[in-house]
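**Q**
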Amino acid sequence: MGFSFAEITQLLGSFWWPFVRISGVFMFIPIFGDGAVPRKARVLLAFFLTLLVVPFVEMPPTIDPFSLQAVTMTMAQLVWGLLFGLTFQLLFTVFTLIGQTISMQMGLAMAVMNDPANGVSVAIVGRLYLFLCTLLFLAFDGHLVALALMVESFTIWPIKNGLAMASVWMVIKMMGWVFASAFAIAIPAITAMLIANASFGFMNKAAPSLNVFALGFPMTMVLGLFALFISMNGINSLYFDILLEALAFSRQYMQGGT
Numbered sequence: 034m035g036f037s038f039a040e041i042t043q044l045l046g047s048f049w050w051p052f053v054r055i056s057g058v059f060m061f062i063p064i065f066g067d068g069a070v071p072r073k074a075r076v077l078l079a080f081f082l083t084l085l086v087v088p089f090v091e092m093p094p095t096i097d098p099f100s101l102q103a104v105t106m107t108m109a110q111l112v113w114g115l116l117f118g119l120t121f122q123l124l125f126t127v128f129t130l131i132g133q134t135i136s137m138q139m140g141l142a143m144a145v146m147n148d149p150a151n152g153v154s155v156a157i158v159g160r161l162y163l164f165l166c167t168l169l170f171l172a173f174d175g176h177l178v179a180l181a182l183m184v185e186s187f188t189i190w191p192i193k194n195g196l197a198m199a200s201v202w203m204v205i206k207m208m209g210w211v212f213a214s215a216f217a218i219a220i221p222a223i224t225a226m227l228i229a230n231a232s233f234g235f236m237n238k239a240a241p242s243l244n245v246f247a248l249g250f251p252m253t254m255v256l257g258l259f260a261l262f263i264s265m266n267g268i269n270s271l272y273f274d275i276l277l278e279a280l281a282f283s284r285q286y287m288q289g290g291t
């Protein structure tokens with residue numbers, strides 16, 4: 034039994050396009066897209082997941098694999114997957130930004146540690162929040178929800194639809210949501226540190242002979258740790274609310290940004 038070139042092309046296309054989209058997702062999505070996960074492991078995971086997904090994916094139109102249209106479709110699916118993973122990665126960015134902000138207010142902006150997984154330097158407090166965010170993400174089965182949404186995306190936004198500019202614009206608008214969410218959680222600690230710094234200023238005016246610089250740093254550290262403890266209060270419910278908002282953004286992205 035022989036196969037025509039068109040049938041072989043359609044068969045390869047039915048596997049290639051989902052594989053490109055899933056590979057793009059695994060480049061950015063939390064946990065699976067972490068730098069500590071080897072690239073070969075991510076490629077193999079994308080390959081086997083594609084084998085499971087292909088039977089349920091709507092057959093894309095037959096496209097000549099050596100045409101410009103095939104290159105355009107490949108790039109569209111890759112970018113679609115990258116942006117979908119980014120919608121979840123921005124959730125972690127919220128908590129990293131919280132830690133960075135509190136570190137600056139505590140005078141620990143220079144206290145950073147290397148993140149070997151992502152190859153960047155992160156503030157110690159930011160690393161603490163990132164670690165907490167990762168644990169809560171796993172506790173709420175966020176990684177399983179992300180995979181389920183990725184599989185569901187082939188039904189909600191088929192491969193033939195390409196990439197909608199409304200979806201790209203929605204991801205850009207998520208940047209504002211990141212800053213707003215981080216500020217809303219960090220504002221108690223920021224307010225406490227601003228009051229402390231203002232108090233040191235009044236002390237310096239009232240008693241110029243008092244060495245505020247010698248007393249200010251350790252007191253700022255103690256107040257900063259206390260403010261950090263306050264900001265941690267109720268973090269579970271706040272995290273759950275932010276996670277629901279991130280999932281809503283992801284579903285909106287899957288629907289073409291509408």
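The opening residue of the sequence shown carries number 34 in this note's numbering; numbering runs sequentially from there.
Ideal placement from N, C-alpha and C gives every residue a C-beta, glycine not left out.
Quick caveat, the model's predicted, so the values are computed rather than measured.
Rounded to whole angstroms, what is the Cα-Cα separation between Phe-173 and Ala-181?
**A** By 1-based counting over the sequence shown, the position of residue 173 is 140. By 1-based counting over the sequence shown, the position of residue 181 is 148. Near 14 Å, if we compare the C-alpha coordinates of Ala-181 and Phe-173.
**Q** What distance in whole Å lies between the Cβ atoms of Thr-129 and Leu-163, which are believed to be in contact at a cut-off of 8 Å?
**A** On the sequence shown, position 130 is the one that residue 163 refers to. On the sequence shown, position 96 is the one that residue 129 refers to. Rounded, the Cβ-Cβ distance is 5 Å, consistent with contact.
**Q** Would you call the region 103 to 118 in contact with the region 219 to 231, where contact means no fewer than 3 C-beta pairs closer than 8 Å?
**A** Verdict: no, contact absent.
**Q** Between Glu-185 and Leu-123, what straight-line distance do the alpha-carbon atoms span, to the nearest angstrom?
**A** Against the sequence shown, residue 185 aligns to sequence position 152. Against the sequence shown, residue 123 aligns to sequence position 90. So the alpha carbons of these two residues sit roughly 21 Å apart.
**Q** Short of 8 Å in beta carbon distance, which residues of its chain neighbour Phe-52, apart from the five on each side in sequence? Order them along the chain.
**A** Translated into the one-based positions of the sequence shown, residue 52 becomes position 19. Around Phe-52: Ala-79, Phe-80 and Thr-83.
**Q** Within 10 angstroms of its Cβ, does Arg-75 collect 16 or more other Cβ (buried), or is it exposed?
**A** Locating residue 75 in the sequence shown gives position 42, counting from the first residue. Result: buried.
**Q** Could you give the DSSP three-state label for Val-155: helix, strand or coil?
**A** Walking along the sequence shown from the start, residue 155 turns up at place 122. Looking at Val-155 - three-state DSSP - the assignment turns out to be strand.
**Q** Which residues share a DSSP beta bridge with Val-145?
**A** In the sequence shown, counting from the first residue as 1, residue 145 sits at position 112. Answer by DSSP bridge pairing, in chain order: Ala-156.
**Q** Who are the near neighbours of Met-34 in its chain, counting only those whose CB is closer than 7 Å to its CB and skipping five residues on each side?
**A** Against the sequence shown, residue 34 aligns to sequence position 1. Only weak support exists for where Met-34 lies, its pLDDT of 49 falling under 50; the value from the coordinates is given anyway. Closer than 7 Å at Cβ, skipping near neighbours: no residue.
**Q** When you compare only the Cα positions, how much space is there between Val-334 and Trp-190?
**A** With the chain covering 34 to 291 only, the question about residue 334 has no answer from this structure.
**Q** Cβ of Phe-273 within 6 Å of any heavy atom in the ligand ZN?
**A** Within the structure as shown, the ligand ZN is missing, as the structure has no ligands at all.
**Q** When DSSP labels each residue in this structure, what does Met-34 get in the three-state scheme?
**A** Here the question's residue 34 lines up with position 1 in the sequence shown. Residue confidence is low: Met-34 scores 49 on pLDDT, short of 50, so the model does not pin down where it sits. No coordinate-derived value is stated.
**Q** If I measure Cβ to Cβ from Leu-116 and keep anything under 6 Å in the same chain, skipping five residues before and after, which residues do I get?
**A** Locating residue 116 in the sequence shown gives position 83, where the first residue counts as 1. Contacts found: Val-204.
**Q** Does DSSP put Val-53 in a helix, in a strand, or in coil?
**A** Taking the first residue of the sequence shown as position 1, residue 53 is located at position 20. Helix.
**Q** I need the DSSP call for Asp-67, collapsed to helix, strand or coil.
**A** As a working mapping, residue 67 is identified with position 34 in the sequence shown. In this structure, Asp-67 counts as coil in the three-state DSSP scheme.
**Q** In whole angstroms, what separates the C-alpha of Met-137 from that of Ile-192?
**A** The residue given as residue 137 occupies position 104 in the sequence shown. The residue given as residue 192 occupies position 159 in the sequence shown. Whole-angstrom Cα-Cα distance: 45 Å.
**Q** Alpha carbon to alpha carbon, what distance is there between Ser-200 and Met-287?
**A** Numbered from 1 along the sequence shown, position 254 holds the residue referred to as residue 287. Numbered from 1 along the sequence shown, position 167 holds the residue referred to as residue 200. One C-alpha to the other measures close to 8 Å.
**Q** Just the Cα atoms here: how many angstroms apart are Leu-85 and Asn-266?
**A** Taking the sequence shown and counting its residues from 1, the one referred to as residue 85 is at position 52. Taking the sequence shown and counting its residues from 1, the one referred to as residue 266 is at position 233. Leu-85 and Asn-266: Cα-Cα distance of roughly 42 Å.
**Q** From the DSSP output, in three-state form, read off Pro-241 for me.
**A** Taking the first residue of the sequence shown as 1, we reach residue 241 at position 208. If DSSP states are grouped into helix, strand and coil, Pro-241 belongs with coil.
**Q** Identify which residue in Phe-99, Pro-221 and Gly-66 has its Cα closest to the Cα of Leu-119.
**A** One-based indexing of the sequence shown puts residue 119 at position 86. That would be Gly-66, whose Cα lies nearest to the Cα of Leu-119.
**Q** Are Phe-187 and Val-90 closer than 7 Å when you measure CB to CB?
**A** Here residue 187 is taken as the residue at index 154 of the sequence shown, counted from 1. Here residue 90 is taken as the residue at index 57 of the sequence shown, counted from 1. The answer is yes: Cβ separation under 7 Å.
**Q** Between which two residues does the alpha helix (DSSP H) holding Thr-134 run?
**A** Within the sequence shown, numbered from 1, the residue matching residue 134 stands at position 101. Per DSSP, Thr-134 belongs to the alpha helix (DSSP H) from 101 to 139.
**Q** Have a look at Ser-224 and Leu-277 and give me their C-alpha separation to the nearest angstrom.
**A** As a position in the sequence shown, residue 224 is number 191, starting the count at 1. As a position in the sequence shown, residue 277 is number 244, starting the count at 1. It is worth fixing the name first, because residue 224 is Thr in this sequence and not Ser. The straight-line gap from Cα to Cα measures roughly 27 Å.
**Q** Find the nearest neighbour of Ile-157 within the set Leu-177, Cys-166, Val-178 and Ile-135, judged by alpha-carbon distance.
**A** On the sequence shown, residue 157 is found 124 positions in, with the first residue counted as 1. When each option's Cα is compared against that of Ile-157, the closest is Ile-135.
**Q** I need the straight-line Cα distance from Leu-169 to Ser-242, nearest angstrom please.
**A** For this step, residue 169 is matched to residue 136 along the sequence shown. For this step, residue 242 is matched to residue 209 along the sequence shown. If you take the alpha carbons of Leu-169 and Ser-242, they lie about 48 Å apart.
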